[in-house]
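Residue numbers for the sequence shown follow the working numbering, so the first one is 3 and each next one is one higher.
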Amino acid sequence: MAEPNSKATFKQYIKRALGAPVIEINIDEDQLDDRVDEALQYFREYHYDGSIKTYLKHQISADDITGLKSDETFTENAAGTHAKTDQQYKQQQNYIVLPEFILSVLNIFPFADKHNLNMFDIRYQLRLNDIYDLTNTSILYYEMVQQHISMLDQILVGQTPIRYNTHMNRLYLDMDADQINAGEYIIIECYRKIDPNDFTDIYNDMWLKRYATALVKYQWGQNLSKFGGIALPGGVVLEPDNIKSEALEEKTRLEEESRLNYEMPVLDMMG
């Protein structure tokens, strides 16, 4: 199949690209799976088509609030000769667990009680005065006032500091848990990995096909290394080092191409 749409057809495409069935590709199925998974992992992390920005909503439960207020206890054993005995440390469990497909977290929207937006709210009064006569309202002045209010909010209230690591799947909320009420929602701005099982067109990405082929080609050369220099019938000599060097050159070139042309701009992403 010229346009692979599954992992099975993707592996068949790679073998044909390397010469099968005319040439026997000496690679085990498990090795082939490993190289394909490795290519997909690189694609998700360094190619803009491998992930997508999304917004997750999570409703805070009473159990979440209880967990946010709890502590983890660690005991450090004092090895060797010290004047101090074993010591204990505590770390607040101020985190929620995110799905494994989350690659990085950009921001969370601030906790806000929308019931406070009544007629005595400053934003309500500003909009009420603006709507009264739109023809006399200066858009420039309106924008300046909104920026001023936003700056005051940043100074007096600020944003909730967050920490996230993709290998832990924990989103730490460095805030006072008493400020959260059960039933409230938080909106998480993040990047998620695209699952090729759900979106099979990933397997037909031109860069991914070339990169996975280079990885499998290197594995093929690695498998043949033990037979290097052996003469076959007819005077043919196996030279697996040439296969490895060609594959390594292709791999390096494709990774450089990905970093220059397809990688997302470096931003303040946590993860």
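Just so it is clear, CB atoms sit at the ideal spot from N, CA and C, and this is done for glycine as well.
Asked                                                                                                           : Found
Proximity to K228 [Cα-Cα], best of I157, L240, K9                                                               : L240
Range covered by the alpha helix (DSSP H) that runs through E248                                                : 242 to 259
Length-filtered (4 minimum) alpha helix (DSSP H) runs lying within the region 29 to 63                          : 31 to 48
Straight-line Cα distance separating R46 from H169                                                              : 14 Å
Opening and closing residue of the alpha helix (DSSP H) in which N225 lies                                      : 208 to 225
Spatial neighbours of S247 in its chain, beta-carbon cut-off 7 Å, leaving aside the 5 residues before and after : none
Between the CA atoms of D243 and R108 - distance to the nearest angstrom                                        : Looking at the sequence provided, one finds Leu at residue 108 rather than Arg. Distance between the alpha carbons of L108 and D243 is about 44 Å.
Status (buried if at least 16 other CB within 10 Å, exposed otherwise) for Q277                                 : Past the edges of the chain, shown from 3 to 273, lies residue 277, and the structure says nothing about it.
Closest Cα partner of K297 within the set A22, D178, F12, Y50                                                   : Because the chain is modelled from 3 through 273, residue 297 falls outside the range shown and cannot be assessed.
C-alpha distance - Y220 paired with P101, whole-angstrom precision                                              : 33 Å
C-beta atoms of Q95 and D73 nearer than 8 Å                                                                     : yes
Collapsed DSSP secondary structure at S152 in the structure displayed                                           : helix
Spatially closest choice to Y174 from L58, T87, I98, M153, by CA coordinates                                    : I98
For K17 and V38, believed in contact at Cβ under 8 Å, the rounded distance                                      : No, V38 and K17 are not in contact; Cβ-Cβ is about 11 Å, not under 8 Å.
Spatially closest choice to K59 from V238, I189, I151, by CA coordinates                                        : I189
Cβ pair L256, R212 closer than 8 Å                                                                              : yes
P267 burial status per 10 Å Cβ neighbour count (16 or more: buried)                                             : exposed
Coarse secondary structure for L142, derived from DSSP in three states                                          : helix
Cβ neighbour criterion (16 or more within 10 Å) applied to I54                                                  : exposed
Host alpha helix (DSSP H) of F12 (start-end)                                                                    : 9 to 19
Whole-angstrom C-beta distance between E265 and Y48, which should lie under 8 Å                                 : 5 Å
Selected residue, minimal CA-CA separation from I182, among Q33, A22, V24, S63                                  : S63
I164 to N171 span [Cα, whole Å]                                                                                 : 13 Å
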